[in-house]
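These notes are about the structure you will find just below.
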Amino acid sequence: MDNTLAAAVPNHAHLGVAIGRLLMAVLFLVSGLLKITHLAAVTAMLAGLGMPFAHGVAPLVAMFETAGGLSLALGWQTRRVALALALFVVPATLMFHSFWNADAATYSNQLNHFLKNVAIFGALLMVASSSPTSQVDKDSR
């Protein structure tokens, strides 16, 4: 694009970053709140997978996802929270969506979830590396 055209087209990148951040927030808020409201089932699922201390891990995961989603939605500590969530997504993906161990009936579903989480990881890295889009983050620097 030549400089004249680039100057004439408004740059709405900040709007895209804000919308992307809010959509990531919704994902983690809903996931965390569902874990809170179905904590017994989440605990049983984790215990069934051999997770040590499932009774302690389940509420921590639920609170982490909920707090992370809320932080992203409010724009508070956006970079740190996005990085923390990205680091959380990696082991969760490897533990719960190991398509390489799946049988033929669940292979496609697990592969789709694995790839979705890879995309979520990438989106969180983009959020973490973008400039703060909230006055809350700007004030905390």
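Taking my numbering, I'd label the letters of the sequence shown as residues 126 to 266. Each residue gets a CB set at the ideal place from its N, CA and C atoms; glycine is no exception. These numbers were taken from a predicted model, which means no experiment stands behind them.
Using the beta-carbon count (16 or more within 10 Å), is residue i buried or exposed?
i: L171; result: buried
i: M233; result: Sequence check: residue 233 is Ser here, not Met. It counts as exposed.
i: M220; result: exposed
i: T168; result: buried
i: A187; result: buried
i: G193; result: buried
Would you tell me roughly how many angstroms separate the C-alpha atoms of residue i and residue j, rounded to the nearest one?
i: H137; j: V151; result: 21 Å
i: I245; j: A211; result: 8 Å
i: I144; j: A198; result: 10 Å
i: L208; j: D228; result: 32 Å
i: G173; j: G247; result: 30 Å
i: S156; j: S255; result: 24 Å
Taking C-alpha atoms, which residue in the options lies nearest to residue i?
i: F189; options: F153, D228 and V252; result: F153
i: W205; options: S156, G141, G157 and V252; result: Rather than Trp, the amino acid found at residue 205 in this sequence is Arg. The option with the nearest alpha carbon to R205 is V252.
i: L158; options: A179, F178 and L195; result: L195
i: A165; options: F178, L148, P177 and A183; result: A183
i: V214; options: L140, M149 and N226; result: M149
Uninterrupted beta strand (DSSP E) stretches inside the stretch 200 to 224 (no shorter than 3 residues): Whole beta strand (DSSP E) segments, 3+ residues: zero.
Whole alpha helix (DSSP H) elements within the stretch 132 to 192, 4-residue minimum: 138 to 162 and 164 to 173
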